[in-house]
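The numbering of the sequence shown is UniProt numbering, which starts it at 1 and goes up by one. Built from N, CA and C at the ideal position, the CB exists for glycine as well.
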Amino acid sequence: MWLKSYLDFTSDRPKWAFVADDILAVNVPKSVRPRERQLRLNMFLQSWNAKKRAAKNIPNELRAMIAVADKYNLQVNALAPSRHIMRAMPMWDHVRAKKPALNQACISSIGTVQCIKENHGLLTVGDFCDLAELKADVSHTLEDDRCECEICTSMRDVLGCRCPMSCMSRATKFLDALPTRWDPRGAHPEDYEEIPPEDDPVDDESLEFDRRVTTQGTLSKVFRIFTDGDEPCGDRVNIALDESVGSLSIATEGACWTNESKDVRVGAGIYVAENHPLNGSMSVPASLGKSRQAGILTASLAAMERAD
Numbered sequence: 001m002w003l004k005s006y007l008d009f010t011s012d013r014p015k016w017a018f019v020a021d022d023i024l025a026v027n028v029p030k031s032v033r034p035r036e037r038q039l040r041l042n043m044f045l046q047s048w049n050a051k052k053r054a055a056k057n058i059p060n061e062l063r064a065m066i067a068v069a070d071k072y073n074l075q076v077n078a079l080a081p082s083r084h085i086m087r088a089m090p091m092w093d094h095v096r097a098k099k100p101a102l103n104q105a106c107i108s109s110i111g112t113v114q115c116i117k118e119n120h121g122l123l124t125v126g127d128f129c130d131l132a133e134l135k136a137d138v139s140h141t142l143e144d145d146r147c148e149c150e151i152c153t154s155m156r157d158v159l160g161c162r163c164p165m166s167c168m169s170r171a172t173k174f175l176d177a178l179p180t181r182w183d184p185r186g187a188h189p190e191d192y193e194e195i196p197p198e199d200d201p202v203d204d205e206s207l208e209f210d211r212r213v214t215t216q217g218t219l220s221k222v223f224r225i226f227t228d229g230d231e232p233c234g235d236r237v238n239i240a241l242d243e244s245v246g247s248l249s250i251a252t253e254g255a256c257w258t259n260e261s262k263d264v265r266v267g268a269g270i271y272v273a274e275n276h277p278l279n280g281s282m283s284v285p286a287s288l289g290k291s292r293q294a295g296i297l298t299a300s301l302a303a304m305e306r307a308d
C-alpha cells in the first residue's frame, strides 16, 4: 500500500509522498542525471534511481517501497496514454524516452539547454510542447534569434532569454526523443476513437464494439506491476477505421467434448457464408482453457485476425 499511495498523483495524494519525493531526489548516487535537484521529480517516472547502498538517510519504509517496485517489475506503460497524461510526464530523464536522442538533446554545455533550465524553467513534456509550438507562430518577423516579434521580445524582457528561436528549436529536439506513443504531437487514438463510422450504423439487434483504448486520468493510471521487465513498446497504436471497407458479419462458436480417452477437447469455428475464404475451424490448445467459452474467445480472436 505504501507504493500505491506514493504513486497517487490525484488531488488526494498523501502529504508524506511529497516529503518522500524530496528524500529520494536528494539521496542519489554521485553520477546521477539530471544533476540538478529540481529536475528530479519522481524516480518511477524518470530513469534515475535513489541510493540503494549506504542509503542511511532514506527511511526503511521508503527502501522497502523501492524493493517492492523492483521485485515486481513496476513499469510506466499504457496502450494509448491520453494527451493530458503525456503532457504531465517529466521531460528531463523521461523514463520512456529514447535515451541516446534525449542525452544528445540535453547536453549541459549547450547554451539553449541551460537557458531552458534556468530562464524558462521547463519541467514537463507539456512545458516543452508549449515552447516548441511558439516557433510556428505567424507573428515572427525573422526565423532566427534576431526576431523582434512580441513573443520573442517578451522572452528576452521577462525571462532573460537571449535566444528565443533557438530555445524553441531545442525544445523540439527534446520532444523528438520521445517514442510516438508518448509524444503528444500528431494524431492519437483519443482524437478519433469515439467518432462513429460514417456507414453501416449499428441496428437495434447489434452491439457496437467499444474500441476505446486511451488511458485517461492522472499519471497514476500508467503504472503497471507484475511485468516481465522488458522494455515496453513505444509505437503509437492506430485504431482508425478504414471507411473504404464495409461491415462483415461473422459467426463464431466454441465446442467442448470428451473423447474415448476421457480427454477434454476444445474446438473453435468461424462462419461467414457458404464457401467464404474466412470460414474455418481449429482446435484450442489446452493451455487456453478447457471450456466452450475458451473456444468462443479463440474463434473471436481468429476472426479478427483473419478479417484484418
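Pick from the options that is closest to residue i, judged by C-alpha positions
i: residue 95; options: 293, 31 and 223; result: 223
i: residue 185; options: 275, 155 and 133; result: 133
i: residue 282; options: 234, 98 and 268; result: 268
i: residue 177; options: 105, 11, 225 and 40; result: 105
i: residue 251; options: 2, 12, 114 and 278; result: 278
i: residue 239; options: 190, 232, 249 and 275; result: 190
i: residue 66; options: 31, 137 and 5; result: 5
i: residue 271; options: 302, 29 and 289; result: 302
i: residue 64; options: 146, 151, 1 and 100; result: 1
i: residue 61; options: 72, 20, 30 and 33; result: 20
Rounded separation between residue i and residue j - CA only
i: residue 35; j: residue 165; result: 26 Å
i: residue 182; j: residue 210; result: 23 Å
i: residue 237; j: residue 226; result: 23 Å
i: residue 42; j: residue 188; result: 26 Å
i: residue 58; j: residue 11; result: 25 Å
i: residue 86; j: residue 265; result: 46 Å
i: residue 280; j: residue 232; result: 34 Å
i: residue 241; j: residue 195; result: 9 Å
i: residue 23; j: residue 289; result: 48 Å
i: residue 13; j: residue 56; result: 26 Å
i: residue 214; j: residue 197; result: 18 Å
i: residue 180; j: residue 234; result: 6 Å
i: residue 217; j: residue 18; result: 20 Å
Per-residue burial, residue i [other beta carbons within 10 Å of its own, 16 or more giving buried]
i: residue 192; result: exposed
i: residue 131; result: buried
i: residue 284; result: buried
i: residue 82; result: buried
i: residue 116; result: buried
i: residue 136; result: exposed
i: residue 120; result: buried
Worksheet item: With contact counted as at least three CB pairs below 8 Å, one residue from each stretch, are the stretch 151 to 163 and the stretch 46 to 55 in contact?
Response: no
Discussion item. Under 8 Å, with one C-beta from each stretch per pair, do the stretch 39 to 46 and the stretch 86 to 93 reach the 3-pair mark?
Written reply: yes
Practice prompt. Run through the stretch 140 to 171 for me and flag every whole alpha helix (DSSP H) of 4 or more residues, listed as ranges in chain order.
Written response: 150 to 154
Discussion item. Does the contact criterion of 3 or more C-beta pairs under 8 Å hold for the stretch 74 to 81 versus the stretch 118 to 131?
Written reply: no
Worksheet item: Could you give the uninterrupted runs of the alpha helix (DSSP H) lying entirely in the stretch 80 to 119, keeping only those of 4 residues or more?
Response: Counting only runs of 4 or more, we get 83 to 88, 99 to 105 and 111 to 115.
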